[in-house]
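K.L.:
Take a look at the following structure, please.
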Amino acid sequence: MPNVTSFDARTLPIRAGLDRALNHAWSRLAAPGTWWSAAERLAIAAEVRNAQVCELCRKRKEALSPYTVQGSHDDLGALPDTVVEIVHRIATDAGRLKRGWVNEMLAAEVSEEQYVEAVGVIALTTALDSFDLALGLDLRPLPAPLPGEPQRHRPTGARHDLAWVSTVAPQDLTPDDRDPYAAHGAKNIHRALSLVPQEVFNFFDLDVELYLKDHEIREFGTEHRALTHPQIELLAGRVSALNGCYY
Amino acid sequence: MELDAVLSGDGGRVAVPQAAELIEFGEAVLSGDAKRQALAREAVYRALGPAALVDAAAIVASFNAVVKIADGTGIPLEDDKAAATRELRDALGLERFNKNASAD
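Protein chains in written order, with this note's numbering: chain V, 4 to 250; chain L, -11 to 92.
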């Protein structure tokens, strides 16, 4: 591709906090999860990237309804078909997901906990890759898996009463659970991955540096970034609209 | 701010400095068009500077990702937020994005 920029993206100034958060997120991606091994998490990350060139995903994206297009994904062969479907669908067309589809995935070979952790991995990979892509940097090679075993801890206070998956309300956390709400806030977007609390930390520890901390969002008298609040929200709104996201 | 411009992408109708450059940047990144992305990066770099370009990339990354969480788990809008934005959502036709609005 011809270089049409007047600068070298590799020399752009990245805030120290953002740089730390990015590096930490990459290591979290490669670490053993709560329900998936490190190798499985990286296989999910690889499929997030691979989904961008999947022919079935392309056809579904172009179709009036993705649910009318059948076929097999172009996958890398490291994950079961149901997991590939989950990764590819969320990575390429999340805006048109339905509760029935999620229920169908959970009725197959994937547990609710594995599904939620996969959503977390997909989101984290998307954030990391989107940042590099937006700056014109090459995508980083995926790291090697770190040693260790999944913890397999399901919060006992999890309930299926808010979303399409079980979540843990702040008041239902127990001393055995890590508390993501104290660090990041307790809005529904924080609660979404709470069935696997580590995934809330994994994503929002990065997101507060990509976007803003919860209390900073409405501190309209203080600018925390090189963009103003209106500029941030304009760009955020446009990206959300393009993704068809209601929340 | 003309909020319907967020949906239409018409940055010229938004009274936010460098709205057009920022909207084009977001659209370019999501388009997958490498040349368009490079041109959009250059435009933001020239209009707002290198630090702002990095922050713009960070915002695109954040919201391109967080939507996967919201849409992948089907979380609803908070009741207080829904009440406070009902008229706005109706005016902008945002209910078409609400995956919890219909039984499935």
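Don't be surprised by glycine CBs; every beta carbon is placed ideally from N, CA and C.
Counting only the same chain and skipping the five closest in sequence on each side, list residues whose C-beta sits under 8 Å from that of V56 (chain V).
P.N.:
Here the set comprises D77.
K.L.:
Answer yes or no: does any C-beta atom of chain V fall closer than 9 Å to that of R74 (chain L)?
P.N.:
Judged by the 9 Å Cβ criterion, R74 (chain L) is not in contact with chain V.
K.L.:
Taking 9 Å as the CB-CB limit, is A40 (chain L) close to chain V?
P.N.:
So, interface residue.
K.L.:
For the alpha helix (DSSP H) containing E202 (chain V), list its first residue and its last residue.
P.N.:
Here the alpha helix (DSSP H) through E202 (chain V) covers P200 to L213.
K.L.:
If we count Cβ pairs, one from each stretch, closer than 8 Å, do we get three or more for the stretch 217 to 236 of chain V versus the stretch 34 to 45 of chain V?
P.N.:
No, the stretch 217 to 236 of chain V is not in contact with the stretch 34 to 45 of chain V.
K.L.:
Is it buried or exposed for A210 (chain V), if we count other Cβ within 10 angstroms and need 16 for buried?
P.N.:
Reading off the sequence, residue 210 (chain V) comes out as Asp, not Ala. Result: buried.
K.L.:
Might you give, ordered along the chain, the residues of its own chain that have their beta carbon closer than 8 Å to the beta carbon of I47 (chain V), omitting 5 neighbours on each side?
P.N.:
Within the same chain, I47 (chain V) has close Cβ partners W39, L82, V86, V90, A121, V124, I125 and T128.
K.L.:
How many whole angstroms separate the CB atoms of A49 (chain L) and L142 (chain V), which I take to be in contact at a CB cut-off of 8 Å?
P.N.:
13 Å between Cβ atoms; not a contact.
K.L.:
Is N86 (chain L) helix, strand or coil when you go by DSSP?
P.N.:
Here N86 (chain L) sits in coil by DSSP.
K.L.:
Since I93 (chain V) meets chain L, which of its residues come closer than 7 Å, beta carbon to beta carbon?
P.N.:
The contacting residues are K56 and G60.
K.L.:
Using alpha carbons as the reference points, say which of L:N52, L:D68 and L:D67 lies closest to A130 (chain V).
P.N.:
Cα-wise, what sits closest to A130 (chain V) is L:N52.
K.L.:
Does any residue of chain V bring its CB to less than 9 Å from the CB of A71 (chain L)?
P.N.:
With 9 Å as the cut-off, A71 (chain L) does not count as an interface residue toward chain V.
K.L.:
Where does the unbroken alpha helix (DSSP H) through C60 (chain V) begin, and where does it stop?
P.N.:
C60 (chain V) -> alpha helix (DSSP H) spans E58 to E65.
K.L.:
When we look at the beta-carbon of E58 (chain V) and count the other beta-carbons within 10 Å, is it buried (16 or more) or exposed?
P.N.:
E58 (chain V) should be labelled exposed.
K.L.:
In angstroms with no decimal places, state the Cα-to-Cα distance between A172 (chain V) and L109 (chain V).
P.N.:
Whole-angstrom Cα-Cα distance: 22 Å.
K.L.:
List, in order along the chain, the chain V residues whose C-beta lies closer than 7 Å to that of D43 (chain L)?
P.N.:
Simply R228, A229 and L230.
K.L.:
For R162 (chain V), which beta-bridge partners are listed by DSSP?
P.N.:
Per DSSP, V:T170.
K.L.:
Count the CB pairs spanning the stretch 51 to 70 of chain L and the stretch 158 to 167 of chain V that are closer than 8 Å, and state whether there are at least three.
P.N.:
Contact holds: three or more Cβ-Cβ distances are below 8 Å.
K.L.:
DSSP on A7 (chain L), reduced to helix/strand/coil?
P.N.:
The answer is helix: DSSP assigns A7 (chain L) an H, G or I state.
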